[in-house]
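Just below is one structure, and these are the notes that go with it.
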Amino acid sequence: MDFIQTYAPYLSTYLPPSVFAPTIKMITTTFGVLKTLQAHLAPLLAPISTQPDIASAILLLILLLSSLKILNMAYRAVMFWLWLAVQLTLLGGILLIGTWAWKKGAEGVVSDVQELVRFWWGQYEMFSGEVEGWKGQAEREAYQNGYGGQQRKWY
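Quick note on numbering: the sequence shown equals residues 646 to 800 in the numbering used here.
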């Protein structure tokens, strides 16, 4: 505070009048409003300051509400960025498909899609066969181990 009181008189020397006058006016107005608020709120704050239990409860309530507000802001920020990423991904995919269709033409797109369907259908049949093989092997092992009859003890 001594720093401000020491160097405040020099402000009028170093600041031009177009900056100094509005700054001083704003500072004095703010100071006057704060003094008025202090005069009106002092009687309301006196009982709270004399009873520390109420002050602690009010402080905890204020902390809870402010933390909820901060969490709400963080949630909204994260949701915005996720929404933006999803929208950009969808837009990029649409542009990519459009560019691909534009370059290939209708016949090229149809032939590429047929080739992709043929490839993935082959993959599906291959893995379906493997699953059936594993199921058959599991049934044979269960039959050989006496599934449903005497159980083999592993201890």
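The C-beta atom is built at its ideal place from N, Cα and C for all residues, glycine as well.
Query                                                                                    : Result
Boundaries of the alpha helix (DSSP H) in which Tyr-659 is found, first to last residue  : 656–659
Reduced DSSP secondary structure (H/G/I, E/B, other) of Gln-696                          : coil
Supposed close pair Leu-656, Phe-665 - CB separation, criterion 8 Å                      : 6 Å
For Leu-716 and Thr-734, the rounded distance between their alpha carbons                : 27 Å
Own chain, CB closer than 6 Å to Leu-729, minus 5 neighbours either side, in chain order : none
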